Amino acid sequence: MADSSFSRRGVFGGAAVLGAALTGNAQAQAAPLHWDRETDVIVVGSGAAGLPAAIAARQSGARVILVEAEKDIGGHAICSGGNIPLGGGTSAQKKYGIEDSADLVFRDLTDWSVVEPNGAADYRYNDREIIRAFADNSAATFEWLVAQGVMFADKAPDNAAATSTGNSAPREMHPMNGTWPMVQTGKPAVQPTSISGNGLMRPLEAAARKADVEILLEHRMIALHQNPRTKRVEGIAVHSPKGVTNIRARKAVILATGGSTGNVNFRRIFDVRLTEEYCGLAGMPWSNQDASGELAAMEIGASLWGTYNQTGEFGEHLSKPGYIGCQYGYWHLQWMPGSRVFDKARASGLHVTDWQDVILVNMLGKRFYDETGGYYTSNSYHAVENYLPNDYRNAKNVKYNPINFLNAAMAGIGDGKNGGGPIWAVFDADAVAREKWNPAPPNVDIAEGFFFSADTIPDLARKIQMQHQRVAMPPENLGATIARYNGFVDSGIDEDFGRPKPQHKIATPPFYAAWATPVIHDTRAGLRINADCQVMNTSGQVIAGLYCGGESAGGFSLHGLARCVAQGRIAGLRAAAETSI
Ligand SMILES: Cc1cc2nc3c(=O)[nH]c(=O)nc-3n(C[C@H](O)[C@H](O)[C@H](O)COP(=O)(O)OP(=O)(O)OC[C@H]3O[C@@H](n4cnc5c(N)ncnc54)[C@H](O)[C@@H]3O)c2cc1C
Numbered sequence: 034m035a036d037s038s039f040s041r042r043g044v045f046g047g048a049a050v051l052g053a054a055l056t057g058n059a060q061a062q063a064a065p066l067h068w069d070r071e072t073d074v075i076v077v078g079s080g081a082a083g084l085p086a087a088i089a090a091r092q093s094g095a096r097v098i099l100v101e102a103e104k105d106i107g108g109h110a111i112c113s114g115g116n117i118p119l120g121g122g123t124s125a126q127k128k129y130g131i132e133d134s135a136d137l138v139f140r141d142l143t144d145w146s147v148v149e150p151n152g153a154a155d156y157r158y159n160d161r162e163i164i165r166a167f168a169d170n171s172a173a174t175f176e177w178l179v180a181q182g183v184m185f186a187d188k189a190p191d192n193a194a195a196t197s198t199g200n201s202a203p204r205e206m207h208p209m210n211g212t213w214p215m216v217q218t219g220k221p222a223v224q225p226t227s228i229s230g231n232g233l234m235r236p237l238e239a240a241a242r243k244a245d246v247e248i249l250l251e252h253r254m255i256a257l258h259q260n261p262r263t264k265r266v267e268g269i270a271v272h273s274p275k276g277v278t279n280i281r282a283r284k285a286v287i288l289a290t291g292g293s294t295g296n297v298n299f300r301r302i303f304d305v306r307l308t309e310e311y312c313g314l315a316g317m318p319w320s321n322q323d324a325s326g327e328l329a330a331m332e333i334g335a336s337l338w339g340t341y342n343q344t345g346e347f348g349e350h351l352s353k354p355g356y357i358g359c360q361y362g363y364w365h366l367q368w369m370p371g372s373r374v375f376d377k378a379r380a381s382g383l384h385v386t387d388w389q390d391v392i393l394v395n396m397l398g399k400r401f402y403d404e405t406g407g408y409y410t411s412n413s414y415h416a417v418e419n420y421l422p423n424d425y426r427n428a429k430n431v432k433y434n435p436i437n438f439l440n441a442a443m444a445g446i447g448d449g450k451n452g453g454g455p456i457w458a459v460f461d462a463d464a465v466a467r468e469k470w471n472p473a474p475p476n477v478d479i480a481e482g483f484f485f486s487a488d489t490i491p492d493l494a495r496k497i498q499m500q501h502q503r504v505a506m507p508p509e510n511l512g513a514t515i516a517r518y519n520g521f522v523d524s525g526i527d528e529d530f531g532r533p534k535p536q537h538k539i540a541t542p543p544f545y546a547a548w549a550t551p552v553i554h555d556t557r558a559g560l561r562i563n564a565d566c567q568v569m570n571t572s573g574q575v576i577a578g579l580y581c582g583g584e585s586a587g588g589f590s591l592h593g594l595a596r597c598v599a600q601g602r603i604a605g606l607r608a609a610a611e612t613s614i
């Protein structure tokens, strides 16, 4: 491929480049650029936004190269539950007599008056232009998925796992796994009809390959190339096992990199509390959300957008762990030894079926909240009783009830530092028997310090040492906490945190401490885009040749797959329609 005469943005050449680009420290440097490859549309990322973008662009006649950083496709989407709320009058909604329309979707997802029991607003800060585009494309996106070979369970749309999907109609659909090996286990689902993200992403992968999308695995985009004269984005630099190469896009680059919550400095833009110890991102270690798309775009002037949607305390962007004693303990996702990423996950975790079986303590060995408390909630179909669209009475009628353990867990220990530090679930041998746990590897991660045991409480406290435990746990604190808690079991009243009827003493050795720190889930704020998914700069101008969809795009508070798939498809269609350079 010939050298082009224009200069490039960023420094390209080896491992230092990767670090520079991802930390946002790349310097502008003028030098002739050698294009190693060329295509019409480049898609970055093969998750819920990326594969639809690539297929839509290819089916519109564009040549497409999709680069994916990991060894396999799918991103968080393939790890997901697959539940996808697409409404607005889908064929499935019509089949089951559910009335919905694009206008109803738009009204729901822009209703300022819908708030959570803690006062956080689900939809108030949504960008109307972006929501309109989603509403207008929602039903078409569902039909398009069916046309690509995604098999949905034949049942009425519901709100089974929905978060922030709108009050007026059930919209959620559920793709079936089929016979594909699940990423979590390496084996097929127990029933092919089981619902999973596999059932969404493997058919899309097959459709992409059939359409002749060129998928380059282990190719991590490290920077965007912008023509300094025209300001058009004309390609990317990628790092692969073969080194750094430059790929030219004659029409456009689509960022579908999946958000930013795996990047500590980036996520702290939205919530200063989210320091390093929140290392249990859902969807990792299959893929990371390292903000590489956002950072590369911000290097060339892109704006962030709708940041409240990340900071606001609603939905599943932070959750209580479902699995304890391991690093990656998101409540829906258990890594098993057959998974191809189990070497990175290291342990499956112990599933907590009854939070009465443990107490939760902070770094100092002190309880801080009612362990049975939940986490942030969100509104979906029929969540608001006597719903009156856009009426102040919706907010007024919500009963204030900020019951979640997250804010208390992240409050810290008053040492002047940000971040709540590790949260430990402490329990005894009787709890192990009740929960039917086997507290040994590969169920728990002893080697990396996510699980400890000892025959006495003071010894347990002394053993708790790992990178995120920034102060030693005073043994006398943990002893006093457990003695006081056992007293609450005798009296039946938790005088400190109001846990309902404390049930089990912690008294039978051995004693255990299992990692139970909050888990970060999804990204709801990212790059500013317009209705066509074009990325915009801080002056509100379109950055020519650059598109974005999914969790890396901002302005839209809706958990998960629906907005990602819809935006990916929009971006693919629009990018393919660009005039070639
Ligand atoms: C356990 C779990 C359960 C979930 N369940 C549901 C559910 O039931 N319903 C729902 O609606 N949502 C669910 N979600 C959320 C949903 O999966 C995500 O919102 C969605 O997958 C995000 O799509 P995306 O395309 O933006 O990112 P992803 O699907 O994460 O894809 C991003 C891809 O980009 C790649 N990438 C990143 N940076 C680069 C780079 N620099 N170069 C090349 N490639 C790069 C990543 O490796 C990844 O493959 C769940 C998520 C998880 C983790």
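For the sequence shown, position 180 (counting from the first letter as 1) is numbered 213 according to the numbering used here, and the numbering increases by one without interruption. We put the CB at the ideal spot given by N, CA and C, even for glycine. This one's a predicted model, so the numbers in the text were calculated from it and none came from an experiment.
Pull the bridge partners of residue i from the DSSP assignment, please.
i	result
D461	F544
A609	None; A609 has no bridge partner.
H384	Y356
M443	Partner(s): none; M443 has no beta bridge.
W191	With the sequence shown as reference, residue 191 is identified as Asp, and Trp is not the correct amino acid for it. Its beta-bridge partners are E205.
N279	A270
C581	L288
I515	Beta-bridge pairing links I515 to no other residue.
P214	P221
A586	L560
Inspect the beta-carbon positions of residue i and residue j and report whether they are closer than 9 Å.
i	j	result
P85	A125	no
I98	V74	yes
M506	V391	no
F438	D403	yes
S325	T571	no
A172	G120	yes
V179	G232	no
I111	G83	no
D160	G587	yes
A458	W338	no
E103	Q322	no
F347	S411	yes
Y420	T198	no
P636	I117	Because the chain in this structure spans residues 34 to 614, residue 636 falls outside the shown range and cannot be described.
G593	S229	no
V266	R253	no
G152	V431	yes
G291	H109	yes
R301	N170	no
L288	A256	no
So, is residue i buried or exposed, given that buried needs 16 or more other C-beta atoms within 10 angstroms?
i	result
K377	exposed
D448	exposed
Q259	buried
K647	Limits of the chain in this structure are 34 at one end and 614 at the other, which puts residue 647 out of reach.
N58	Low local confidence applies: a pLDDT of 41 at N58 is under 50, so the model's placement there is unreliable, and no value is given.
H67	exposed
A608	buried
Q92	buried
N298	exposed
S613	exposed
T212	exposed
R400	buried
D523	exposed
P533	exposed
T550	buried
(request) Evaluate contact between the region 594-610 and the region 557-566, counting only Cβ atoms and requiring at least three cross-stretch pairs below 8 Å. (result) yes
(message) As an exercise, report each continuous beta strand (DSSP E) stretch of at least 3 residues that is fully enclosed by the region 76-163, in chain order.
(response) 97-100
(message) Using a Cβ distance threshold of 8 Å, determine whether the region 75-93 contacts the region 243-263, with at least three qualifying pairs required.
(response) yes
(request) Scan the region 308-371 and note each continuous alpha helix (DSSP H) run of 4 residues or more that stays entirely inside, going in chain order. (result) 325-332, 341-344
(request) Would you check if there are 3 or more beta carbon pairs closer than 8 Å linking the region 358-367 to the region 301-319? (result) yes
(message) Please give the ranges of any beta strand (DSSP E) in the region 519-566, keeping only runs that are unbroken, at least 3 residues long and fully inside the region.
(response) 544-548
(request) With a floor of 3 residues, list each beta strand (DSSP E) that falls wholly inside the region 460-511, ordered by position along the chain. (result) 484-487
(message) For a minimum of 4 consecutive residues, which ranges assigned as the alpha helix (DSSP H) are wholly contained in the region 231-264?
(response) 231-243
(request) May I ask you to verify whether the region 487-502 touches the region 363-377, counting CB pairs closer than 8 Å and requiring at least 3? (result) no
(message) Three or more C-beta pairs under 8 Å: does that hold for the region 235-243 against the region 261-272?
(response) no
(message) Would the region 501-520 count as touching the region 572-582 if we require 3 or more Cβ pairs under 8 Å?
(response) no
(request) Kindly confirm or deny that the region 127-137 and the region 198-207 touch, where touching means at least three C-beta pairs closer than 8 Å. (result) yes
(request) Check whether the region 274-281 touches the region 213-224, taking contact to mean three or more Cβ pairs, one atom from each stretch, closer than 8 Å. (result) no
(request) Kindly confirm or deny that the region 543-557 and the region 143-162 touch, where touching means at least three C-beta pairs closer than 8 Å. (result) no
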